[in-house]
Amino acid sequence: MGYEEVLIILLTELAEALLYGCLLGGAYAVIGIGMSLILGVMDVMNIAHGEFILLGSYLAYYLLTTFGIDPLLSLIILAPTFFVLGFLLQRFGLSRPLKYSVDIFVMATLAISTILENLYLLIWSPLQKALVTNYMLWSLKLGEFSVAFVFVLDFFISIAVLVFLREFLRKTYLGMAIRASSEDWRMAQLMGINTDNVRALTFGLGFLTAGIAGVLIGLTYPFSPSIGKAYLVIAFGVVVLGGLGSMLGTFVGGVILGLVQVLTAVFFDPAWQLFASYLVIFVLLALRPRGVLGR
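At position 179 of the sequence shown (counting the first as 1) the number is 179 in this note's numbering, and the numbers step up by one without a gap.
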């Protein structure tokens, strides 16, 4: 094989990896946006975020295998359910730990994370599950490349979720209350905003986006009870790379992380994906602590 043929093959693999990295980055952005909202408004990290994502995958799996409901259609049921669960959990379960101490709140979410992981083990076993659908085998022709349909579908659903959240935060009273509280919650209280409800609303939105992300990721990759911590790292990485408080930054952070992982898998070894992600996160934290587009 000549030099030109090798170069063409490498460039083709690179272009395909870049395409898949960008598509995967859209789903990663939805994984990170919930954490970005909670960090921005409540100034705390939800350690159970990864298990919330995994809950979306498992509930979609349950609805699919038990009732035959397509994972995407199940979002009609799961999305409002996750929002209500998140709102109630923060308003009546986590509000007191948060008022008492940030450390206590983090420990409480760690306890929730552990409880959920063990529940997944008991109910669904340690074996990997997958959201198997007919369109998993579909592919789309994009120029010279054949791309899995679910990756493209995930990408556009992710964009729709991010656009919806952006418009909600900009153009609704509740959204403006969230933004005001994220800037200065004491001033927001003086303006008559019920910050307890705002925090609960924010947590509900974080839970909602986590559940959606769980369904989207479950359509493309198998999942097991232990993978929640990896989702937490991805969410943290997206926020760090893109910058806290920026919707566009969250998308950019997701794309960066998606590109890093796909390029590592294609040109090195899939086993190095997490290491490469950690390395990029560390380097960016050292060089630009606020992220690419952070405020």
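We put the beta carbon where it would ideally sit given N, CA and C, even for glycine.
Determine whether the beta carbon atoms of Thr109 and Ala48 lie at a separation below 7 Å. Against a cut-off of 7 Å, the Cβ pair of Ala48 and Thr109 comes out as a contact.
Note down, one range per segment and in chain order, each alpha helix (DSSP H) of at least 4 residues found wholly within the stretch 178-251. List check, alpha helix (DSSP H) in window: 185-190, 195-220, 228-242.
Measure from the alpha carbon of Asn134 to the alpha carbon of each residue in Thr220, Ala230, Ile193, then state which is nearest. Taking only the C-alpha atoms, the option nearest Asn134 is Thr220.
Restricting to Cα atoms, I'd like to know which of Ile76, Leu39, Ala15, Leu19 is closest to Val238. Closest option to Val238, Cα to Cα, is Leu39.
Alpha-carbon to alpha-carbon, Phe87 and Leu63: Roughly 23 Å between the two C-alpha positions.
Buried or exposed (CB count within 10 angstroms, at least 16 for buried), Leu71: Sequence inspection shows Pro at residue 71; the Leu mentioned does not correspond to that position. Buried: at least 16 other Cβ atoms inside 10 Å.
The ligand COA and Met42: does any heavy atom of the ligand fall closer than 6 Å to the residue's C-beta? The ligand content of the structure shown is nil, which means the ligand COA is not present either.
For Val150, collect the residues of the same chain with a Cβ closer than 7 Å to its Cβ; drop the 5 residues on either side in sequence, then sort them by chain order. Taken in chain order, the residues that qualify are Tyr135, Met136, Leu219, Thr220.
Ends of the alpha helix (DSSP H) at Gly158? In the sequence as presented, Gly is not what sits at residue 158; that position holds Ser. Here the alpha helix (DSSP H) through Ser158 covers 149-171.
Does the beta-carbon distance from Val161 to Ala60 come in below 7 Å? A distance of 7 Å or more separates the beta carbons of Val161 and Ala60.
Enumerate in chain order the residues of its own chain whose CB-to-CB distance from Gly258 is below 6 Å, with the five nearest sequence positions on each side excluded. Listed in chain order, the non-local C-beta contacts of Gly258 below 6 Å within the same chain comprise Gly21, Leu24, Gly25, Tyr28, local neighbours out to five positions each way being set aside.
For the alpha helix (DSSP H) containing Phe275, name the first residue and the last one. Looking at the DSSP string, the run of the alpha helix (DSSP H) that includes Phe275 is 273-287.
Is the CB-CB distance between Gly211 and Phe82 below 7 Å? Going by C-beta atoms, Gly211 is nearer than 7 Å to Phe82.
DSSP state of Ser101, grouped into three classes? The three-state reading of DSSP puts Ser101 in coil, since its state is none of H, G, I, E or B.
Can Ser181 and Val44 be called in contact, C-beta distance under 7 Å? No, Cβ-Cβ distance for Ser181 and Val44 is not below 7 Å.
Measuring alpha carbon to alpha carbon, tell me which of Ile281, Ile227, Arg288, Leu244 ends up nearest Leu127. Looking at the Cα atoms, Ile227 is the closest of the given residues.
Under a three-way DSSP split, which group does Phe52 fall into? Here Phe52 sits in helix by DSSP.
Note down, one range per segment and in chain order, each alpha helix (DSSP H) of at least 4 residues found wholly within the stretch 19-84. Runs of the alpha helix (DSSP H) inside the stretch 19-84: 49-67.
Contact belief for Thr209 with Ile178 at Cβ below 8 Å, rounded distance in angstroms: Here Thr209 is actually not in contact with Ile178; their C-beta atoms are around 13 Å apart, not less than 8 Å.
Roughly how many angstroms separate the alpha carbons of Arg166 and Leu244, rounded to a whole number? The straight-line gap from Cα to Cα measures roughly 14 Å.
Output needed for Ser113: all residues of its chain with C-beta closer than 6 Å, excluding positions within five of it in sequence on either side, in chain order. Cβ neighbours of Ser113 beyond the five flanking positions: Ile47, Ala48, Glu51.
To the nearest angstrom, how far is it from the Cα of Leu153 to the Cα of Leu190? Their backbone Cα atoms lie some 44 Å apart in a straight line.
Return the Cβ separation of Leu19 and Phe145 in integer angstroms, given the expectation that the two are a contact with Cβ distance under 8 Å. About 6 Å separates the beta carbon of Leu19 from that of Phe145, a gap short enough to meet the 8 Å contact definition.
I'd like the list of long-range same chain contacts for Ala235, defined as Cβ closer than 6 Å, with 5 residues on each side in sequence excluded. Closer than 6 Å at Cβ, skipping near neighbours: Ile31, Gly32, Met35, His49.
Counting only the same chain and skipping the five closest in sequence on each side, list residues whose C-beta sits under 6 Å from that of Arg288. For Arg288, there are no CB contacts under 6 Å within the same chain when 5 residues up- and downstream are skipped.
For Val255, does the count of other Cβ atoms within 10 angstroms reach 16, so buried, or fall short, so exposed? Here Val255 is buried, its C-beta having at least 16 other C-beta atoms within 10 Å.
By a C-beta neighbour count over all protein chains shown, 10 Å radius and 16 as the cutoff for buried, is Phe223 buried or exposed? So Phe223 counts as buried.
Taking 7 Å as the limit between beta carbons, can you name the residues of its chain near Ala148, skipping five residues before and five after? Cβ within range, chain order: Ser139.
Status (buried if at least 16 other CB within 10 Å, exposed otherwise) for Ile53: Label assigned to Ile53: buried.
Applying the 10 Å Cβ sphere with the 16-neighbour rule, what's the burial state of Ser74? Under this definition Ser74 is a buried residue.
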